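Enquirer: Sequential numbering from 469 applies to the sequence shown in my numbering.
Positions of the beta carbon are idealized from the N, C-alpha and C atoms, including for glycine.
Quantities reported herein were computed from a predicted structural model and do not represent experimental measurements.
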Amino acid sequence: MRVHFCGTRGSTPAPGLEFVRYGGHTSCVALSADDGSGSASAGPTLLLDAGTGLRRVSALLGGAPFRGSIFLSHLHWDHVQGLPFFASGDNPEAQVTVLLPPQEEGAEAESVLARMMSPPFFPIRPSNLRGDWTFDFLPRDVFTAEGLTVDGFNVQAREIPHKGGRTVGYRVADDHSTIAYIPDHCPTELGAGPDAWGEYHPAALELARDVDLLIHDAHLVPAELPTEASFGHAAADYAVELGHRAGARQVALFHHRPDRTDDALDGIVARFSASPVSVLGARDQLELAL
């Protein structure tokens with residue numbers, strides 16, 4: 469599996485010189501299947517979230533139309549606002565399936581997305597995107613132990629505490645590698661936990677168990693939890709300890725606070741240099757071959 473970090477910032481894009489190294493685009497991770505020789509035989513076919521980082525996926529495809537699936541963790545702006553700016557998706561030859569967490573009973577997936585993408589807030593609706601687009605809710609299979617097979621990957625989802633709408637985390641595997649993607653997580657909602665960073669609860673541990681890479685919300689540091697955890701995020705220290713407890717091989721700190729500068733992020737990553745699990749700071753355009 470090849471993991472492309474296309475957007476790693478949280479809440480809102482962060483332009484400016486002090487954010488150049490880690491990047492300012494919001495959440496989007498693209499996954500490419502391995503062709504068996506250690507390289508990706510084609511561009512990404514499975515995308516996790518559709519923040520402004522989704523724009524970068526078109527370059528990974530060389531401008532070719534996207535044919536694959538987009539799995540949304542939840543519907544906050546920083547995870548969906550890239551949809552109308554995805555050139556390889558807004559293409560007459562594109563074939564795109566967008567799957568989102570179940571919402572209120574009776575709602576249609578496309579109509580839910582249209583609440584933020586339609587006039588007068590935006591000039592076009594999801595139905596106006598060119599190509600063959602399908603909008604639906606996550607099927608029940610993805611919440612089972614067997615998971616859902618799609619685009620050469622097996623995908624499992626579990627509900628994760630956040631704030632302001634149903635949120636899921638994902639576990640994605642191919643024949644060789646497994647990742648967990650938990651970009652927005654408020655573990656303190658379930659209690660202080662053993663470290664006062666939040667509970668290491670079954671859903672998070674199940675998603676992260678023995679993965680090659682855990683991509684996790686690291687929006688905060690412990691000193692910020694008392695005043696800001698209620699907004700729905702985790703501390704970097706929680707992400708690392710969750711990875712350690714779950715047996716993950718590597719943790720990627722993700723969903724960086726929008727005012728967190730490159731130098732500040734370097735300092736956070738450096739704090740975990742002696743951690744029992746390898747830690748990196750996710751940044752725009754970082755690519756990992758697992």
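Confirm, please, whether the CB-CB distance from Arg477 to Gly491 is below 8 angstroms.
Expert: Going by C-beta atoms, Gly491 is nearer than 8 angstroms to Arg477.
Enquirer: Please list the terminal residues of the continuous beta strand (DSSP E) segment that includes Ala707.
Expert: First-last for Ala707: 704–714, but that is the alpha helix (DSSP H), not the beta strand (DSSP E).
Enquirer: Determine whether the beta carbon atoms of Leu581 and Phe539 lie at a separation below 8 angstroms.
Expert: no
Enquirer: Nearest by alpha-carbon distance to Thr656: which of Ala501, Arg608, Glu692 is it?
Expert: Ranking the options by Cα distance to Thr656, first place goes to Glu692.
Enquirer: Would you say the beta carbon of Ala672 is closer than 7 angstroms to some non-hydrogen atom of the ligand FMN?
Expert: Among the components modelled here there is no ligand, and therefore nothing to report on the ligand FMN.
Enquirer: Go ahead and pull the three-state DSSP assignment for Thr617.
Expert: strand
Enquirer: For Leu541, count neighbouring C-beta atoms within 10 Å of its own C-beta (all shown protein chains included) and say buried if the count is 16 or more, exposed if not.
Expert: The question names Leu, but residue 541 in the sequence shown is Ser. Ser541 should be labelled buried.
Enquirer: Can you have a look at Arg604 and say buried or exposed, based on whether 16 or more other CB atoms are within 10 angstroms of its CB?
Expert: The question names Arg, but residue 604 in the sequence shown is Asp. By the 10 Å Cβ count, Asp604 comes out exposed.
Enquirer: Which two residues bound the contiguous alpha helix (DSSP H) that contains Arg736?
Expert: Note that residue 736 is Ile in the sequence shown here, rather than Arg. Note, Ile736: alpha helix (DSSP H), 730–738.
Enquirer: Does the beta-carbon of Val745 have 16 or more other beta-carbons within 10 angstroms, so that it is buried, or is it exposed?
Expert: buried
Enquirer: On the DSSP bridge list, what partners appear for Leu681?
Expert: Ile647
Enquirer: Starting from Ser579 and walking both ways along the alpha helix (DSSP H), at which residues does that stretch end?
Expert: 577–582 is the span of the alpha helix (DSSP H), which, as asked, contains Ser579.
Enquirer: Using CA coordinates, which residue listed in Ala697, Ile628, Arg523 is at the minimum distance from Cys474?
Expert: It is Arg523 whose Cα lies nearest to the Cα of Cys474.
Enquirer: Quick one: what does DSSP say Glu627 is sitting in, helix, strand or coil?
Expert: strand
Enquirer: Could you give the residue range of the beta strand (DSSP E) that holds Thr695?
Expert: It is not in any beta strand (DSSP E) - Thr695 instead sits in the alpha helix (DSSP H) that spans 693–696.
Enquirer: Quick one: grab the DSSP three-state call for Gly530.
Expert: coil
Enquirer: Does the beta-carbon distance from Pro533 to Gly599 come in below 8 angstroms?
Expert: yes
Enquirer: I'd like to check one pair, Arg677 with Gly615: are the Cβ atoms closer than 8 angstroms?
Expert: Contact flag unset, no.
Enquirer: Sorted by chain position, which residues of the same chain lie with C-beta nearer than 7 angstroms to Val747's C-beta, five sequence neighbours on each side aside?
Expert: Val708, Val719, Leu721, Val737, Phe740
Enquirer: Can you round the beta-carbon distance between Asp685 and His669 to whole angstroms, since I take them to be within the 8 angstroms contact cut?
Expert: That belief does not hold up - the Cβ atoms of Asp685 and His669 are roughly 14 angstroms apart, past 8 angstroms.
Enquirer: Could you check what DSSP says for Gly700 in three-state terms: helix, strand or coil?
Expert: Coil.
Enquirer: If we call anything under 8 angstroms between Cβ atoms a contact, is Asp752 one with His493?
Expert: The answer is yes: Cβ separation under 8 angstroms.
Enquirer: For Ser586, which residues in the same chain have their Cβ closer than 7 angstroms to its Cβ, ignoring the five residues on either side in sequence?
Expert: So the qualifying residues of the chain are Arg593.
Enquirer: Would you tell me roughly how many angstroms separate the C-alpha atoms of Pro690 and Ala704, rounded to the nearest one?
Expert: Those two C-alpha atoms are separated by around 8 angstroms.
Enquirer: From this set, Thr513, Lys631, Ser579, which residue's C-alpha is nearest Glu696's C-alpha?
Expert: Lys631
Enquirer: Suppose you measure from the CA of Ile683 to the CA of Gly620; what does that come to, to the nearest Å?
Expert: 20 angstroms
Enquirer: Only counting the same chain, and skipping five residues up and downstream in sequence, which positions put a Cβ closer than 7 angstroms to that of Ala498?
Expert: His472, Cys474, Pro512, Leu515, Val525, Leu528
Enquirer: Closest to Arg608 by CA distance: which of Gly666, Glu578, Gln624, Asp734 is it?
Expert: Selection Gly666, Glu578, Gln624, Asp734 evaluated against Arg608 yields Gln624 as nearest (Cα-Cα).
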